[in-house]
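The structure under discussion appears below in the form of structure tokens.
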Ligand code: SAH
């Protein structure tokens, strides 16, 4: 255990001791802030690997997707590439290198809470600006927003069905600096949609208020300033019951309530809710479709073949990466892609209606 983590566990233990249990949502918020505050946690040597870290092809196809919208839209002048939670900055580097080849050079603006990651990102992307909050995003041009594995890191509120009704799931101190999740004492039935309310215990219903808030803000911006947003994540398009909170450390699952700040905490993303918020704000919604379908329709096979021709030594590695990103038993089936865009921008590529998953 690192001293920083001991520090967080001790601090949470003291906080719970004096102030009582904290919500799962609060626990996830502070644990993830500490976790990403550590800096580079990604890749084969780190805790988990994301699509842009598997292959440059992922970011390149995102760049192609953005450039295609920009070109068919008649090349609007001042435009911004906004990325939420850019990690190492790999996706931005690959995407922006690709947009440049089409003459599209949007100014990069990142939304990143971790100071350590901001430092890494500044080294990778020349001239990048950071928006400390969504209010600080530029207002004078269309926004091209990308969020890969960002929404799943936002804290979820968990409601748990007990014999006495629905309660918020809260975190208590177990022993020493160990924690456990239990039902809280306040009735929370009003927060559970009627369809799910009369279920048998011990079901869990999750919501992500931060995700809804961010989607609402950004959709409002897109409606006024124009542009498009691409959300890639694992999640569901039909709401249901279940506990999706998980912790990953060194590519293995861990107990989410142990060692806060030591591992990545994620929860599945509610794509239906994100889509509905964008619709309410007057945006066009495309998808969600499976990541594999989306990458194939944007030409990942042609890109794999082209790269393999130019670097024959890497052919096997490229085919393996393509398989991981596309195959329905791998990330291709696990991850979904949703786009929302302003009504006056052209419909985005890669979202054939027959491929939409419900
Ligand atoms: N998009 C990257 C990294 C995904 S990990 C990739 O695909 O490789 C999640 C990222 O979101 C990290 O950069 C993390 O620091 C950032 N993040 C998590 N919660 C955040 C929040 N509330 N505000 C801003 N950034 C956040």
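Numbering (this note's numbering), first residue to last: 733 to 1090.
No residue lacks a Cβ here, since even glycine has one placed at the ideal position from N, Cα and C.
Here the structure is a predicted model, which means the values were calculated and not measured.
Going by DSSP, residue 917 is part of no alpha helix (DSSP H) but of the beta strand (DSSP E) stretching over 911–919. Of the other Cβ atoms in all chains shown, 16 or more fall within 10 Å of the Cβ of residue 915; this residue is therefore buried. Listed as beta-bridge partners of residue 755 by DSSP are 902. Taken atom to atom, the span from the alpha-carbon of residue 943 to that of residue 950 is near 11 Å.
Remark: the shortest separation between the CB of residue 975 and any heavy atom of ligand 1 does not fall under 8 Å. DSSP links residue 812 through a beta bridge to 839 and 875. Under the three-state reduction of DSSP, residue 1002 is assigned to strand. Contact annotation, residue 886 with residue 899: C-beta distance approximately 22 Å; criterion of less than 8 Å not satisfied. Annotated three-state conformation of residue 845 is coil, per DSSP. A Cβ-Cβ distance of about 31 Å is found for the pair residue 1043 and residue 1083, leaving them out of contact under the 8 Å criterion. A heavy atom of ligand 1 is found nearer than 8 Å to the CB of residue 843.
Inter-segment contact for the region 972–986 and the region 930–938 is present: three or more beta-carbon pairs are separated by less than 8 Å.
By alpha-carbon distance to residue 794, the top candidate from 758, 781, 771 and 832 is 832. C-alpha of residue 813 to C-alpha of residue 875: approximately 6 Å in a straight line. A direct Cα-Cα distance of roughly 21 Å separates residue 830 from residue 843. Around the beta-carbon of residue 983, fewer than 16 other beta-carbon atoms lie within 10 Å, marking it exposed. Residue 902 is positioned such that its CB atom lies closer than 9 Å to that of residue 913.
Taking 9 Å as the cut-off, the beta carbon of residue 775 is found no closer than this to the beta carbon of residue 851.
Counting the other CB atoms within 10 Å of its CB gives residue 804 a total below 16, which places it among the exposed residues. Separation of the CB atoms of residue 1071 and residue 961 is rounded to 7 Å, and the pair is thereby assigned contact status at 8 Å.
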